[in-house]
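Visitor: Below is the structure I would like to discuss, written out as structure tokens.
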Amino acid sequence: MSVEIITKEDLSEFKSELLAEISKLVKPSESNVTRQWLKSAEVRKLLNISPGTLQNLRINGTLRFTKIGGTMYYKTADIHRLLEGGDHA
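Each number in this note's numbering corresponds to the 1-based position in the sequence shown with 105 added.
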């Protein structure tokens, strides 16, 4: 069995490499925080509203949506505009 000596410089280099790898892994998930489109459940949670209220917002044109397959998506910018009390989306 051979003995290897680890120096402070080795540990410092390892730390730098490890932090660089962690940064690469974390960056993609940070971009998901401000996604352009949100699903219905996310919108309901953000606005603290019921499914029926969200449906009413869709029906009366207060909140635009896009339906792909069976899933409805809402623009994040429209949600923020609604929260700020600005013009209809």
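Glycine included, each C-beta is placed from N, C-alpha and C at the ideal position. Note that this is a predicted model, so its numbers are computed, not measured.
With contact counted as at least three CB pairs below 8 Å, one residue from each stretch, are the segment 145-152 and the segment 178-192 in contact?
Guide: Yes: at least three Cβ pairs fall under 8 Å.
Visitor: Can you say whether Val148 is buried or exposed, counting buried as having 16 or more other CB atoms within 10 angstroms of its CB?
Guide: Buried, by the Cβ-count rule.
Visitor: Is the beta carbon of Leu168 sitting closer than 8 Å to the one on Tyr179?
Guide: For Leu168 and Tyr179, yes; Cβs fall inside 8 Å.
Visitor: From Thr158 to Ser117, what does the alpha carbon distance come to, in whole angstroms?
Guide: Taking the straight line joining both Cα atoms gives about 55 Å.
Visitor: Taking the straight line between their C-alpha atoms, what separation do you get for Asn161 and Arg140?
Guide: Going from the Cα of Asn161 to the Cα of Arg140 covers about 24 Å.
Visitor: Which class does Ile173 belong to by DSSP, given the choice of helix, strand or coil?
Guide: Residue state, collapsed to three classes: strand.
Visitor: Please state the DSSP three-state secondary structure of Leu143.
Guide: Leu143: strand per DSSP, three-state reduction.
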